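Heads up, the thing below is written out as structure tokens.
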Amino acid sequence: MAEVKKIAVIAGDGIGPEVVAEAEKVLKKTEEVFGYKFETEHGLFGGIAIDETGTPLPQDTLEICRRADAVLLGAVGGPKWDNNPKELRPETGLLGIRKELGLFSNIRPAVIFDCLKDASTLKPEVLEGTDLIVVRELTGGIYFGDKFRREGEHGEEAVDTCVYNVQEVERIVRQAFEIARTRRKKLASVDKANVLETSRLWRETVNRIAPDYPDVELEHVLVDNCAMQLLRRPSSFDVIVTENMFGDILSDEAAMLTGSIGMLSSASLGEGSFGLYEPVHGSAPDIAGQGISNPIATILSVALMFRLTFGYHEAAAAIENAVKEVLDAGHRTGDIAVDKSRAIGTVEMGDLIVAAIRK
Ligand code: NAD
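Under our numbering, the residues of the sequence shown are numbered 2 to 360, in order.
Next up, the structure:
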């Protein structure tokens with residue numbers, strides 16, 4: 002009997018429940034095909050949690066997440082809650098859940114599906130073979146350093162401080178090396194070591210631990226150069242690891258290589274194998290409830306969960322292949338369809354992918 006894996010399922014707002022429902026069908030199918038056992042527990046989060054419990058991140062939901070091996074999240078937010086005070090906003094719940102669960106890295110794959118190459122703004126020949134992951138540090142750096150205003154010689158000044166300690170750098174870089182080991186074994190560490198002291202500490206730390214991973218090929222890339230190389234030679238990258246602000250910018254740039262937000266999965270990881278998996282897109286209130294959202298980002302988030310938390314690599318590949326097969330056969334939801342009149346709905350896309358999952 003396979004070990005039972007516990008998954009906290011948090012659908013959230015807008016299209017969240019629609020896309021998560023399709024991902025749950027995928028979980029069920031992989032139980033049948035691969036003999037896994039999943040136990041799911043559902044929790045309220047975001048706007049719906051505000052409406053029903055008065056807080057975006059109820060204690061019950063946190064408990065469900067803490068009991069689980071992994072969390073599958075849809076999306077949160079919407080115009081209904083946009084004018085709420087800060088503590089009653091869905092986005093506050095997002096920051097809270099990451100903090101409470103000790104998640105310190107954000108992982109975003111950018112994979113080009115051949116049949117969607119034309120959806121990108123880059124030339125197909127540049128994109129050929131692109132399959133990379135950006136690993137972004139989430140808890141340190143300039144976003145969390147001291148911030149203040151002061152009176153300077155030329156009037157008011159603003160100061161943001163960027164702080165990193167060795168331990169913060171080491172834990173994320175080790176995680177990135179480990180991820181690289183499960184892939185093409187190439188790691189690009191991105192910094193600005195020619196200018197920033199935090200980057201010099203970052204680079205020293207990377208060089209110190211690199212000998213522990215002799216099987217992984219390491220390169221150091223300056224962030225400005227990396228921004229260029231992502232557009233020039235995206236297929237040459239495998240895993241990119243970088244600090245918070247650089248990662249914020251580079252992961253959005255890498256996301257755009259693929260051309261569609263409805264296709265992008267992500268993970269936030271802490272110590273050990275625990276992780277929170279979610280599509281990169283938001284709750285898309287403009288199309289919520291119409292049954293036309295693309296469930297692929299959420300389905301690919303399940304594949305990412307299988308790889309990074311459960312080590313179910315064969316099933317992860319089966320999900321990714323199923324997505325590819327369905328796209329190759331010409332099926333598209335509205336966001337990725339050239340001929341919108343032939344677009345299929347959320348449930349139909351989910352059903353086709355589920356049907357294509359096999360050993
Ligand atoms: P969004 O990603 O929700 O939507 C941007 C555009 O992409 C919209 O036109 C939408 O229809 C389309 N889109 C997004 N996902 C799609 C999918 N799966 N299939 C088809 N089309 C899709 O971003 P936004 O409009 O800026 O934000 C809407 C709400 O979502 C806001 O309240 C925002 O705060 C929230 N948000 C939440 C998260 C999260 O939960 N992690 C992330 C981003 C935004």
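Glycine included, every Cβ here is placed at the ideal spot set by N, Cα and C.
Since this is a predicted model, take the numbers as computed values, not measurements.
Determine the DSSP secondary structure at residue i, reduced to helix, strand or coil.
| i | result |
| --- | --- |
| threonine 162 | coil |
| serine 151 | Correcting the residue identity first, residue 151 is arginine in this sequence and not serine. If DSSP states are grouped into helix, strand and coil, arginine 151 belongs with the strands. |
| histidine 43 | strand |
| alanine 344 | coil |
| aspartate 239 | coil |
| alanine 189 | strand |
| leucine 202 | helix |
| isoleucine 11 | strand |
| valine 281 | coil |
| glycine 271 | coil |
| serine 266 | strand |
| arginine 172 | helix |
| arginine 184 | coil |
| glycine 276 | strand |
| glycine 146 | coil |
| glutamate 126 | helix |
| isoleucine 354 | helix |
Assuming residue i and residue j make a contact with CB atoms under 8 angstroms, what is their CB distance in whole Å?
| i | j | result |
| --- | --- | --- |
| glycine 263 | threonine 347 | Contact flag wrong, Cβ pair sits at about 10 angstroms. |
| leucine 361 | alanine 298 | In the structure as shown, the chain begins at 2 and stops at 360. Residue 361 is therefore absent and cannot be evaluated. |
| leucine 277 | leucine 102 | 6 angstroms |
| valine 112 | aspartate 132 | 5 angstroms |
| isoleucine 300 | lysine 30 | Not a contact, Cβ separation roughly 11 angstroms. |
| valine 77 | glycine 47 | 3 angstroms |
| aspartate 239 | arginine 185 | 4 angstroms |
| isoleucine 65 | glycine 94 | 14 angstroms between Cβ atoms; not a contact. |
| histidine 221 | serine 261 | Their Cβ separation, rounded to whole angstroms, is 31 angstroms, which puts histidine 221 and serine 261 out of contact at 8 angstroms. |
| glycine 141 | glutamate 169 | 5 angstroms |
| leucine 73 | methionine 257 | Rounded, the Cβ-Cβ distance is 25 angstroms, inconsistent with contact. |
| alanine 9 | alanine 69 | 4 angstroms |
| isoleucine 51 | leucine 89 | 6 angstroms |
Could you pull the DSSP bridge partners for residue i from this structure?
| i | result |
| --- | --- |
| valine 217 | In DSSP, valine 217 forms no bridge with anything. |
| aspartate 132 | Val112 |
| leucine 223 | Asp192 |
| lysine 360 | Answer by DSSP bridge pairing: none, since lysine 360 is not bridged. |
| valine 5 | Lys38 |
| arginine 209 | According to DSSP, arginine 209 bridges with nothing at all. |
| glycine 156 | Gly153 |
| glutamate 138 | Ser106 |
Using a Cβ-Cβ cutoff of less than 6 angstroms, which residues in the same chain neighbour residue i once the five nearest sequence positions on both sides are dropped?
| i | result |
| --- | --- |
| alanine 12 | Pro18, Val21, Gly75 |
| leucine 328 | Phe114, Cys116 |
| glutamate 254 | Leu231 |
| tyrosine 144 | Asn245 |
Going by beta carbon distance, what residues of the same chain come within less than 7 angstroms of residue i, once the five residues before and after it are set aside?
| i | result |
| --- | --- |
| arginine 137 | Ser106, Asn107, Thr243, Asn245, Gly248, Asp249, Ser252 |
| aspartate 119 | Pro125 |
For residue i, is the beta carbon positioned less than 6 angstroms from some heavy atom of ligand 2?
| i | result |
| --- | --- |
| alanine 285 | With respect to ligand 2, the structure offers nothing, as its ligand set consists of ligand 1. |
Item to check | Segments assigned beta strand (DSSP E), at least 3 residues, entirely inside the segment 89 to 116 | outcome: 106 to 112
Checklist entry - Which ranges does the beta strand (DSSP E) cover as unbroken runs of at least 3 residues, wholly within the segment 14 to 78, from first to last along the chain? => result 38 to 43, 71 to 76
Checklist entry - Fully enclosed by the segment 292 to 347, which beta strand (DSSP E) runs are 3 residues long or longer? => result Restricted to the segment 292 to 347, not a single beta strand (DSSP E) segment is unbroken, complete and at least 3 residues in length.
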